[in-house]
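Structure record follows, encoded as structure tokens.
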Amino acid sequence: MLDDINVPSQLQIDSWNSINLSPVVDTAPRVVPLPVFITPSSEGYYDRVTTMKTGIDGSKVIKKIREVESNISLANDLLKECYCRRSISHALLSYIESVKKQRGTNTMPQEFQTPEVANIAKKMADPILEVFKAIKLNADQTAEWFFFTLSDDELWSNGIYNDTLLNGMCTLIYKVMALENVVIYKLALIDDISMLLKFTNDPQYAQEVTVLRSWMSNFGAMTNTIVERLSALKAQQVQFIFDLLYEYVHKKIIKENYVTAESKYSYIATLIFLIKVYTKAQEIEAASLKEVKKPKPVLKPLSLDVRFFCHNVCEVHKSIVLMYEIAPELSQFFPYKFFDFTQKELRDRPAPHLKVKSEQDVLDEVRDSFDETSAFVSYLLSSERVSKESKLADLLPTVLRKVSCAICFIAEKIENRRLAVPPIPKDWTPEDIRDKIKFSRYQYEYGMNEGIYNILPRILPLIMSIRITKEVLQEHIEVISQQLAAYMQEYIQEFCVNKIAYLVSKEPKLSDDLMVIRTLLGYFTSDDSLKFQKKYKHETLNYPSTIPSLQFLDLARAQLQLMINPGSKYTKKKGLLSSAIISGEILDTIQEFLAKTIFFPELLRLPEILDVAFDQSRLFFKEHWLDICKVSYFKVSSSLPYILSNFALVNYNQTELTGAIFYPLSIYDDAAHVALYDLKSKMLYDEIKAEAEICLVSITRIIANQSFTPIREFITVKSFSGNILKELRNERLLKITQNSPAVRLGVLLQQNQLFVLGCQIETKVLIANRLNELFVDFLKGFLKLANDNGPIIMIAFDRLVDLLRQTHQMIAGFEIPMSPFNDLFNNVMAMDTPNSLQSEMLVQMAQYMTGPLLTDYFLMTTPFRLIPRVQPKIDFHSLFHQNEGVIIERVLRPTATFVSIESFRALFKYLDDGAIAMLHMQLYSSIREIMNDFISIYTSFRDHITRIRDPPLSASCHQAYDRFYGAYNMFLTSPQLNKLFEVMSQIGEIFAISEMMDDAFNLKLTSEKMISAYVTSRSPLSEEVAEVPELFDSFDQQFRDTANYFATLKEMPTVKQVLPPFTFLTTEEFVRIVNETDVFNETSGSLTNFQSLKGFAAMFSIIEFLYSIMEVNTGNAMTNYGESVLICAANLLAATKQVDLYRVVSITGRILTHAEADFNHSSNKNLADFLSISKLLRSSLFIALTSSYPFHEELSR
């Protein structure tokens, strides 16, 4: 026995351990790997020879079974050959038509009329012709086999047949019907041979091809050939065969006594075949008796029971699944008007044997099968000893039948919807409707989308139930096989040892035949124990735990059935008063054994039968539709696995569908296995593999998309305060609730046990890849938002990034192996370049701060804030769904109304200290260019204006105001003044931004220091080096020695020790530029002669007065230029040391002095407004002078 087992060498085994991948080919047949089964050594040539050489009648039946199996195999080979062939004619004809159109002719191009083309066409046509010949030969041989078999009276009259032979004949008829329809429905063969004949230029060759092509194009050509051959049978033979086979298939169909759906369809095909044979024979008999005066036909008209039964079958099965997706309408195969019943016949109609099942009925059956199977398997696993109960042997055939029929039920439903005529699109023209190819493509796509949509809620759970049932069986197939083998062997041995002995004791004439069966199947320790005893005695069974021999079991069953068949020598009565040898208890015992063991052959080949019964490949294949639509592929979105998985994703909130997302992808496994191992087509396998990859990527992307959005929305809503949630709900803006199903998506995300084409697929990795893309896309959107709007958006940017970070954390909690959030963020911000402080945000912010932030904003102080002159339109909607975008804008828009210290603090979170320094460097380096513009404008302004003398102290406030207003109001309309204000505003904003950056930077350092103090358990005010044993002592000495170098453990320098760096650098650059020119210096020799003063203090007194007047008159000076004009002036006064001179020459100060002594100034509104504005501006100016004093004082040293 061990000689038949191929054990790998040690070298081979060692080589497996040295490769990176496990030695499993990517074409492994199934989702769950199958265990390895070793076929017993007795299942070989010896068994087959033994069964043929026993000399008993059963061996004759076995011989016939071998013959029918051979015919079935030939038909199968031809089926595969025809089904896998793709058309070449469509592409070639399209090319020829394009050439004709290009040349403007309707004749065949000359280059296609050469002898070389004719030879090539003939070589291409020869393989197709050979297939046609093989099909015709197969039809003729099958017809002859049926004729000689069915006309063998000795065979049938003596009862030398059994269920296996009859079942084989039904299968052969089914395969013949499938083959003849595949040739018609698969247009590739006929279209190609027709097209190639146009190029061969060989009349004799064309005639041969045309004859075969015409024959094959006939509907039911092969069946008709067989029917014509059987028309030579005698009427009595036809009647006998019809009665025998009809009773057989009738019983099989009604009692559902089969394992696979193919058997059911073979019985239906046989039913059609019998009707045709009987009808043909009836016509021949009627023609032969036409001249007879009193004809007595043997073949009576078919009974109403037969016709109504056939009608009932057609009601239940609208189509007959012949091969994969090829499922033509069933009723078309019956004779014309076969179902035309009269009113009386309809009234007398018997109750139908079969009932139409709905999708829910089939789903309930499969679910019940799963429950029963899993329950019994659990029982087996909990049993300490191998069970020998019959329940599993009775249950499994039923389960396999229900599952196999359920798959074909789905195929029938889908094909019926694809064949249904779809509604014509409104935009189609009459030419579009007449275009058969275009209509067929639309018909297919409509059928696969809208057509089947309403049955998807039942089909998807059905696919899932089928899959998990198979997984239970495959996972525990070893235990199941042991139990089945134990039960079957026990039952067979009990029959051979005891029941056969009992039957022989009852009827010794059976001893010879039953001894053969007893010898083949029974296990006996000696010849004496094998022999029959004169007196029956129940023996104790003693046999080894082995698997029964399948070949011997077939022979034994054949022999037993022959013995009880009508016409057998044991069932015939030899006289009127005599009884048959086999009757009564003996007959019942043999019938019970045959009934119990009817599915033993299938159970002995359980792994193979599992593959057949659970094969879902017919739900994938669409070669017939590819031929009709003249395409080489359909979109993945019209593929059933994608449609089912996508449906599960869209309806993931339904509990039963959440876990069913990946189950439809197992269809690809079965299809790939069939393509490679059954159809032997690498082309089909490659297409399946490619589509499976596309589908898998698409599905995982959809999973990622549909998981990402709800989780992000959930995090967003969770972050809102109660008041905001209440407001949003009151305004009906909030459709997202904190009870979002986002958390349930964790179940969906954690599905990682997926095998496609036999290879384990890390779905979490695929999902993670898409999630990484989504996070990157959102971060890029946030970055664009920041780049377009500058620091004003940074608080909102920081909040959005934080929400995205929390979303990442929640998804990562579902064990999705995404890239770390910081890595994704750094990559988007271009911060991942080693030894570089550059980043995308740094570059864009530097450009914005030296551009729009200086030109489009105005400054207000106490606190510092830069306000845009026109509020920017921040596009939150482009980043989020419509409703979510409204909510985000509603919540975050208030944070983006002005630039504050908090804006820079948020910005600095995303910049290193060195990058912050570089950002400020870009800012203060722009001072020189702006100062050059200012000097030019200021010089021109200074040359055209003079500081007039002050009014006498006795003058009223109104008089003083009128004096200065009359002297300078003409300059209010000067464009030069506006340019001066604009440039001064920009310079002042640079100082303001620098100060805000200093404050933000200090806040950042303080935060880091506090965090460090928390980690090291030290006070942030401590000047001592922290000694934290729980931190530093946890590492080696080298790390402990570095404790003194941790700057964050020491107290930060105080403000008195170090001036704010950014303001200091800005002031330093400003003073340097001011010192390079003398245009701001006071050169007058008499400081009391105001008319001679040309320094900045005297000029600014006029500028300040005009600024106040402009604000009083127009109200837009502050909103256009803000208080940054005063900051610029304060730094210029401090840099030129003219602060004291300014106090003397200030026009607004002079007017305010007159106002203190004049109590009647409030009666004039313009004057009162001027005084109010002047007080505000002077306060702002003196605050700026106070703030800038330490810097100028330090620089003056």
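Going left to right, the sequence shown walks through residues 1 to 1197 as UniProt numbering numbers them.
We treat Cβ as the ideally placed atom computed from N, Cα and C, and that holds for glycine.
Note that the structure is a prediction, hence the values are computed from the model and not measured.
Residue environment analysis places R347 among the exposed positions, since fewer than 16 neighbouring C-beta atoms fall within 10 angstroms of its C-beta. The region 900–973 is shown to contain whole alpha helix (DSSP H) runs of 4 or more residues at 901–908, 913–924, 927–943 and 957–968, in chain order. Taking N978 as reference, the option from A992, Y938 and Q959 with the minimal CA-CA separation is Y938. Fewer than three beta-carbon pairs drawn from the region 636–648 and the region 584–593 are found closer than 8 Å, and the two stretches are therefore not classed as touching.
In the same chain as R805, and ignoring 5 residues on each side of it, the C-beta atoms closer than 7 Å to its own belong to F821, in chain order. Distances from the alpha-carbon of Y336 to those of E359, E1156, Y83 and H311 put H311 closest. If you draw a 10 Å sphere on the C-beta of Y924, you find 16 or more other C-beta atoms in it, and that means buried. For the set S231, L230 and L274, the Cα lying nearest the Cα of Y248 is the one of L274. Contact between the region 418–425 and the region 436–447 is present: three or more C-beta pairs spanning the two stretches fall below 8 Å. Spanning the alpha carbons of H958 and R1143 requires a straight line of approximately 21 Å.
The shortest CA-to-CA distance from Q360 to any of L456, A327, I254 and I901 is the one to L456. Rounded to the nearest whole angstrom, the C-alpha separation of T946 and I1147 is 12 Å. In this structure, the straight-line span from the alpha carbon of M464 to that of D913 is close to 57 Å. Beta bridge pairing from DSSP links F858 with I867.
Remark: C-beta atoms of Q706 and L649 approach each other more closely than 7 Å.
Annotation: A139 to L271 spans about 19 Å, alpha carbon to alpha carbon. With a cutoff of 7 Å on beta-carbon distance, A486 and K596 are scored as not near each other. Between A1000 and I1109, the CB-CB gap reaches or exceeds 7 Å. Fewer than three pairs of CB atoms, one per stretch, sit closer than 8 Å, so the region 421–434 makes no contact with the region 621–638.
Cβ neighbours of I128 within its own chain (closer than 7 Å, five residues either side excluded): L189, D192 and I193.
Secondary structure of S638 (DSSP, three-state): helix. Closest by C-alpha distance to E315, out of L980, V298, I268 and E291, is I268.
In this structure, the beta-carbon distance from L510 to L521 does not fall below 7 Å. In the three-state reduction of the DSSP assignment, E329 falls in the strand class.
Residues V68, N71 and I72 of the same chain have their beta carbon placed closer than 6 Å to that of L172, with the five preceding and five following residues left out of the count. A Cβ-Cβ distance of about 31 Å is found for the pair V238 and F599, leaving them out of contact under the 8 Å criterion. Judged by DSSP in its simplified three-state form, M818 adopts coil rather than helix or strand. Of all alpha-carbon atoms in L396, K630, F439 and M1118, the one lying nearest the alpha-carbon of I609 is that of L396. Under the three-state reduction of DSSP, M829 is assigned to coil, being neither helix nor strand. The Cβ atoms of E815 and A830 do not sit closer than 7 Å to each other.
Contact annotation: A896 and I874 have beta-carbon atoms nearer than 7 Å. Its Cα nearest to that of L980, the residue S936 stands out among S936, Y246, V801 and F904. Contact between Y265 and V227 fails: their C-beta atoms lie close to 19 Å from each other, not under 8 Å. S319 has E329 as its beta-bridge partners, per DSSP.
In the structure shown, I761 falls within a strand segment according to DSSP collapsed to helix, strand and coil. DSSP places S465 within a helical segment (H, G or I) once states are collapsed to three.
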